[in-house]
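J.: Input: one structure, supplied below.
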Amino acid sequence: MGKVRKLSPSERRDIVRMFPQLGVTETARRIGCSKSTVQRVWASDGPPEDDAQRSGPRPPGGAEPQTRAERLVELRGILRAAMNDAPPQAVAGLAREYRATMDEIERMEGGDGGDSVGRALDSIAERIAAKMPAP
859 MGKVRKLSPS ERRDIVRMFP QLGVTETARR IGCSKSTVQR VWASDGPPED
909 DAQRSGPRPP GGAEPQTRAE RLVELRGILR AAMNDAPPQA VAGLAREYRA
959 TMDEIERMEG GDGGDSVGRA LDSIAERIAA KMPAP
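Laid out in structure tokens, this is it:
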């Protein structure tokens with residue numbers, strides 16, 4: 859194990875500010891710490907209190923999502939980013955949530971919700987879940 863260094867308050871703020879946009883891997887690389895450190899800081903310090911610092915996909919104009927469709931599109935972006943940086947044991951659950959969000963968006967748009975990408979995500983999630991040890 860490497861030597862543990864204490865993060866400065868500004869590094870902790872930087873992690874909280876960068877994490878939602880960049881994900882675990884890129885935030886850790888930019889700060890110069892481990893991915894587990896980024897996850898631990900995010901869990902303890904949480905999202906910024908200031909709404910101006912909040913990040914994530916926004917509708918055109920940068921306004922807060924108002925309609926259900928806008929909120930679902932924002933959630934889809936958050937879930938997509940989370941799946942990119944999630945540990946293998948979390949991907950199956952995120953993929954199911956992503957799929958449910960996609961289905962709801964599709965229903966709101968009047969489609970059938972049966973696209974091939976969704977089926978592929980479901981298949982991947984099932985295979986990952988099957989390989990995971992039982993809790």
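In the numbering used here, the protein residues as written are 859 to 993.
For each residue, glycine too, the CB sits at the ideal point set by N, CA and C.
Given the structure is predicted, the values throughout are model-derived calculations rather than measurements.
According to DSSP, simplified to helix, strand and coil, what is M990?
T.: It is coil, neither helix nor strand.
J.: Identify which residue in L865, V931 and E962 has its Cα closest to the Cα of V896.
T.: L865
J.: DSSP state of E964, grouped into three classes?
T.: helix
J.: Inspect the beta-carbon positions of L933 and T959 and report whether they are closer than 7 Å.
T.: yes
J.: Take M941 and list the residues in its own chain whose beta-carbon comes closer than 8 Å to its own, dropping the five residues that flank it on each side.
T.: So the qualifying residues of the chain are V949, L952, A953 and Y956.
J.: Quick check on T885: buried or exposed, where buried means 16 or more other Cβ atoms within 10 Å of its Cβ?
T.: buried
J.: Within the same chain, show all residues whose beta-carbon is closer than 8 Å to that of E869, passing over the 5 residues directly before and after it, in chain order.
T.: Correct list, in chain order: I889 and C891.
J.: Using only the alpha-carbon positions, how far apart do R863 and V899 sit?
T.: Taking the straight line joining both Cα atoms gives about 13 Å.
J.: Do V882 and D943 have their C-beta atoms within less than 7 Å of each other?
T.: By the CB criterion at 7 Å, V882 and D943 fall inside the cutoff.
J.: Using the Cβ count rule (16 or more neighbours within 10 Å means buried), how would you classify A988?
T.: A988 should be labelled exposed.
J.: For P918, which residues of its own chain have a beta-carbon under 6 Å away from its beta-carbon, when the five flanking residues on both sides are left out?
T.: Summary for P918: the model assigns pLDDT 46, below 50, so the residue's position carries little reliability, and this model does not support an answer.
J.: Alpha carbons only, please: which of E964, P946 and M876 is nearest the one belonging to A982?
T.: It is worth fixing the name first, because residue 982 is Ile in this sequence and not Ala. For the residues E964, P946 and M876, the minimum Cα distance to I982 belongs to P946.
J.: Residues in its own chain within less than 6 Å of A927 by CB, not counting five upstream and five downstream?
T.: Within the same chain, A927 has close Cβ partners M966.
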